[in-house]
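Heads up: take any position in the sequence shown, counting from 1, add 746, and you land on the numbering used here.
All C-beta atoms, glycine included, are put in the ideal place defined by N, C-alpha and C.
Just so you know, these numbers come straight off a predicted model, no measurement behind them.
Notes follow once the structure below has been shown.
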Amino acid sequence: KGSLRHFASRRAMGIEGLGEKLVDQLVDAGLVETVADLYHLTEEQVAGLERMGSKSAANLIRAIEKSKHTTLARFLYALGIHEVGETTAQTLANHFGSLDAIMQADEETLMAVPDIGPVVARSITGFFRQEHNRQIVSKLPEAGVTWPAIEIKPAAKLPLRGKTFVLTGTLSSMTRDAARAAIQALGGKASGSVSGKTDYVVVGENPGSKADKAEALGVEMLDEVAFLNLLKKYQ
747 KGSLRHFASR
757 RAMGIEGLGE
767 KLVDQLVDAG
777 LVETVADLYH
787 LTEEQVAGLE
797 RMGSKSAANL
807 IRAIEKSKHT
817 TLARFLYALG
827 IHEVGETTAQ
837 TLANHFGSLD
847 AIMQADEETL
857 MAVPDIGPVV
867 ARSITGFFRQ
877 EHNRQIVSKL
887 PEAGVTWPAI
897 EIKPAAKLPL
907 RGKTFVLTGT
917 LSSMTRDAAR
927 AAIQALGGKA
937 SGSVSGKTDY
947 VVVGENPGSK
957 ADKAEALGVE
967 MLDEVAFLNL
977 LKKYQ
């Protein structure tokens with residue numbers, strides 16, 4: 747049930763309306779066993795659950811259908827591979843460009859990727875070595891889950907590689923997710939906490955304690971205009 751909840755969560759496949767209680771109902775009713783089963787649900791099956799009318803069922807099926815159009819990074823994160831968070835998933839997607847390449851990579855190949863250490867590499871190879879996982883992963887594209895092809899960029903086209911950014915406050919020109927994606931598309935890393943290894947802290951409106959910590963550590967701070975100019979310079 748935990749893997750299903752994670753798969754459906756906002757930052758993963760983003761299946762709106764598929765919360766903890768509904769996951770429990772679907773599993774308990776024998777309608778869903780793995781994440782791939784979600785894509786074979788019908789409105790009639792869902793409407794038959796307790797407290798689920800036809801309108802709610804239709805909304806859920808629509809949300810599941812919408813989630814089929816995703817990105818490779820979100821898909822990888824949604825699989826719930828131990829040690830593979832959003833940033834690592836994006837790094838893998840940018841480096842390998844395809845799911846097959848990631849599934850076939852051995853530990854040595856994975857460790858050649860920036861920020862992928864032995865623990866993460868072992869976790870990824872261990873996940874894809876299990877036949878059960880491989881079957882589920884292959885069933886998802888068969889059920890219609892797709893993502894845009896990724897152009898693998900040479901290092902020269904990743905000018906922010908090795909640079910770590912932290913976002914704090916609200917940006918008026920884009921969402922935090924969009925800002926994070928823009929950083930990652932140029933090879934940078936978007937982190938959630940400020941440390942001595944942070945290169946830039948992007949400060950929006952109503953920043954939190956991260957701005958204070960950045961100032962204390964002497965980390966370079968960028969306001970929204972400076973951040974947008976930096977992105978524009980390299981895009």
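When DSSP states are grouped into helix, strand and coil, THR816 belongs to the coil group. Taking a contact as a CB-CB distance under 8 Å, the pair VAL947 and THR914 counts as one, their CB atoms being some 6 Å apart. Only residues of its own chain outside the window of five on either side were considered, and among them PHE753, ALA758, MET759 have a CB closer than 6 Å to the CB of ALA824, listed in chain order. The criterion of a C-beta distance shorter than 8 Å is satisfied by LYS747 and ASP770. Cβ neighbours of VAL773 within its own chain (closer than 8 Å, five residues either side excluded): LYS747, LEU750, GLU779.
With contacts defined as CB atoms closer than 8 Å, LEU845 and LEU806 fail to qualify as a contacting pair.
Cα atoms of ARG907 and LYS978: separation of roughly 16 Å, rounded to the nearest angstrom. Note on HIS841: 16 or more other CB atoms within 10 angstroms of its CB, so buried under the neighbour-count rule. For the 8 Å CB-CB criterion, LEU777 and GLN791 form a contact. In this structure GLU897 is exposed. Its beta-carbon is surrounded by fewer than 16 other beta-carbon atoms within 10 angstroms. Across the set GLY942, ALA972, GLU970, GLY950, the C-alpha of GLY942 shows the shortest separation from the C-alpha of ALA962.
In the DSSP annotation of this structure, the continuous segment of the alpha helix (DSSP H) that includes VAL883 starts and ends at 877-888. Straight through space, the alpha carbons of PRO953 and GLY863 are spaced by roughly 32 Å. Sequence-distant Cβ neighbours of ASP945 in its own chain, meaning closer than 6 Å and more than five residues away, are LYS909, THR910. ALA957 sits buried, since 16 or more C-beta atoms from the chains shown fall within 10 Å of its C-beta. Following the DSSP letters along the chain, one finds MET967 inside the beta strand (DSSP E) bounded by residues 966-969. In this structure, the alpha-carbon of ILE882 lies about 21 Å from that of THR834. The C-alpha of TRP893 is placed about 5 Å away from the C-alpha of THR816.
When rounded, the separation of the alpha-carbon atoms in LEU795 and VAL912 is 43 Å. Secondary structure note for LEU838: its alpha helix (DSSP H) is the uninterrupted segment 832-842. The beta carbon of PHE874 sits closer than 7 Å to those of MET849, ARG880, all from its chain and outside the five residues before and after it, given in chain order.
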